[in-house]
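Those sequence lines, one after another, are chains A and B. Read in order, the letters of the first sequence correspond to residues 88 to 301 in the numbering used here. Read in order, the letters of the second sequence correspond to residues 88 to 301 in the numbering used here. C-beta: ideal position from N, C-alpha, C; glycine also.
There are 2 protein chains.
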Amino acid sequence: MPDRIRILLIDDHAVVRKGLVMVLRQESDFEVVDEAENGRIGLELAKSLDPDIVLVDLVMPEMDGQEMALALRKSNPDIKIMMLTGTEVDDRVHEVVAAGIEGYVLKNIEPGELVRAIHAVMNGEAYLHPDVMKKVIEMMQPHQPHPVSLTPREMEIVEYMATPNTYKQIAVQLSVSEETVRSHAKNILEKMKQPNRAQAVLAAVKMGLIKLNG
Amino acid sequence: MPDRIRILLIDDHAVVRKGLVMVLRQESDFEVVDEAENGRIGLELAKSLDPDIVLVDLVMPEMDGQEMALALRKSNPDIKIMMLTGTEVDDRVHEVVAAGIEGYVLKNIEPGELVRAIHAVMNGEAYLHPDVMKKVIEMMQPHQPHPVSLTPREMEIVEYMATPNTYKQIAVQLSVSEETVRSHAKNILEKMKQPNRAQAVLAAVKMGLIKLNG
DNA sequence: ATTTACCTCCCCCGCGCGGGGGATATAAAA
DNA sequence: TTTTATATCCCCCGCGCGGGGGAGGTAAAT
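As structure tokens, this is what we get:
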């Protein structure tokens, strides 16, 4: 069987590994090539065995799933990575997903669903557990209503403050006096409690007042 | 049947609407309550009919899907929103998803999959088409190797430039002369082709040199 | 009718900072 | 060995900008 999916398991709990093996053995096109108990060992095994996909636990001693994912991404970018974690949706979801994995499932996943997830990932898709997906989407929502309330004019000025323009140049473009712009800028810094333009712009980005890219 | 899922269709192509109606009629627990040909009309209908979920086309005249989604989110946050679009995965995916929708499917979706998607969304999950999910995940990847190469020391200085510290204060913390810091800063601005500290910091964030949040 | 919010404009001061020119030392690369 | 990159340090100049003050005018809220 040349096109069986070669799987590497990495989890610090032997029980979990055995359980996964049982589940994966049910599928005739799956082949568990090896197991490892932490990221460091798993990384070495992945490099030498070159599996199609690794199922890796997020929380592990020595080297956790996130570190391992980053390392494996660099050394063997073609190996798919499916992250496993407990039922709790970790707050590190964002970072972990950004580490460049293809799948993220919780351990309470239905066996059949796990099989489908692996197939999906091997098929070039990305598989995220519904709860994880929700979290990821939530994190890209426009940020909470800004704790600082700027007037419409001030909003306009803040946007200009994020450009290379000097206050004088901004004044010209808005057809007002430089003093007016400077006055607004002063009020903005005051409201945002920021010491200077650079910090104010950065804070505005963090608050979602300014889009980083448009 | 009190618990049928009440669906509102919004698409500027009558053919597409009819097709969707055919598909959705197959499911006994779906009920298409009405249709609309653009976002403006659809928004009014949604407000008066209060459906469980709206399927809305992304590209439409008068008011497109994104605008409508934003408006509907504000007026009726409980109504689920499933975005529809052509086979092309739009570059606006990020914005659209950030508009706060629950689902995003392409029009070439299998009917059965669409039905599952609707059920998933009604079940409180988020459903993104695999290609869309991939795109979303890609967009959270660490950015490409920076076009500007800063020396280790310069990297350090850039991070400090994103803080409220003045160059003098940075110098103290790094135990070097203020002149040294200023010198590095000058080289950084030169390399990044940025006119001032504020712009340099912003550019650094965009490039992924600096994490917005730590 | 008085207050409040907002936008507009002005002056002064002093420091931060960008831009220009250097210099010196070390270590790696050519 | 000579060049190149990196890190350190120095001086000068002038403008940008932060912080302090104040003033006038309109419009909405009270």
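Check, Outcome
"7 angstroms CB neighbourhood of A/D99 in its chain, flanking five on each side removed", "E124, N125, D144, M147, P148"
"Complete beta strand (DSSP E) runs within the segment 168–247 of chain B (minimum length 3 residues, chain order)", "190–193"
"Counted within 10 angstroms of its Cβ, other Cβ atoms place A/M88 as buried (16 or more) or exposed", "Below a pLDDT of 50, predicted positions are generally treated as unreliable, and A/M88, at 49, falls in that range; the measurement from the model is reported next regardless. Under this definition A/M88 is an exposed residue."
"Listed by chain order, chain B residues near A/R284 by CB distance under 9 angstroms", "N283, R284, A285"
"Residues near A/S264 by beta carbon distance below 8 angstroms, same chain, minus five either side", "A258"
"Cross-chain neighbours of A/A249 in chain B, by beta carbon under 9 angstroms", "A285, Q286, L289"
"Close Cβ partners of A/D139 (< 8 angstroms) along its chain, the five nearest in sequence each way excluded", "I92, R93, I94, I166, K167, M209"
"Nonlocal neighbours in the same chain, by C-beta distance under 8 angstroms from B/G187, ignoring five residues either side", "A156, L157, R160, I168"
"Status (buried if at least 16 other CB within 10 Å, exposed otherwise) for B/T172", "buried"
"Candidates A/V245, A/Q256, A/N252: closest to A/Q286 by CA position", "A/V245"
"Listed by chain order, chain B residues near A/P217 by CB distance under 9 angstroms", "A207, N210, G211, E212, A213, Y214"
"Residues of the segment 122–136 of chain B whose Cβ lies closer than 9 angstroms to any Cβ of chain A, in chain order", "none"
"Contacting residues, own chain, Cβ-Cβ under 8 angstroms from A/D90 (five flanking each side not counted)", "D116"
"Assigned secondary structure, A/E114 (DSSP; H/G/I helix, E/B strand, else coil)", "coil"
"Cα-Cα separation between B/Q153 and B/M170, rounded to whole angstroms", "8 angstroms"
"Short CB-CB distance (under 9 angstroms) between B/K167 and chain A", "no"
"Proximity below 9 angstroms, CB of A/L237 to CB of A/L299", "no"
"Unbroken alpha helix (DSSP H) run spanning A/V292, endpoints", "284–294"
"Neighbourhood of B/V180 by C-beta, 7 angstroms cutoff - its chain only, sequence neighbours within 5 removed", "V219, K222, V223"
"CB of A/A213 within 9 angstroms of CB of A/E189, strictly", "yes"
"Selection from B/Y191, B/V102, B/V292 that minimises the alpha carbon distance to B/T250", "B/V292"
"Rounded C-alpha distance that separates A/V184 from A/Y191", "8 angstroms"
"Chain A contact residues for B/K280, given Cβ-Cβ distances below 8 angstroms", "Within chain A, no residue comes near B/K280; the closest Cβ sits about 10 angstroms away, beyond 8 angstroms."
"Strand pairing of A/E122, partner residues [DSSP]", "A/L96"
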